[in-house]
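Numbering (the working numbering), first residue to last: 3 to 125.
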């Protein structure tokens with residue numbers, strides 16, 4: 003570059019600062035990498051990128067898991083000639099009152115009058 007400034011990892015750094023000397027004549031160490039410092043920007047950027055990738059992968063994985071569960075329920079219903087109401091009744095018999103109330107709350111969030119709530123859509 004023609005300027006004394008270079009851009010590394012999204013921030014501007016002065017290339018001449020690497021050889022800066024303080025009042026006593028000692029090099030100040032400005033611009034040196036400090037791996038033991040509290041932050042290593044390169045590592046933080048890598049970790050942030052990986053977190054975004056994991057989040058996106060997990061969103062896709064949730065849908066796949068739910069689809070597989072749905073397929074299993076459909077297979078059980080088909081193999082045992084159960085109607086949807088009979089399956090729901092058997093599932094509700096196994097739940098405690100708290101679990102049943104929580105399931106109804108989830109159903110209300112998913113099947114509200116305007117469709118899924120904003121909270122569910124953000125999930």
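Cβ atoms here follow ideal geometry from the backbone N, Cα and C, with glycine treated the same way.
Secondary structure at residue 98: coil, using DSSP grouped into helix, strand and coil. One alpha carbon belongs to residue 54, the other to residue 42, and they sit about 19 angstroms apart. When the beta-carbon positions are compared, residue 97 and residue 87 stay at least 8 angstroms from each other.
In the structure shown, residue 83 falls within a coil segment according to DSSP collapsed to helix, strand and coil.
Judged by beta-carbon spacing, residue 102 lies beyond the 8 angstroms limit of residue 91, meaning their Cβ atoms are not closer than that value.
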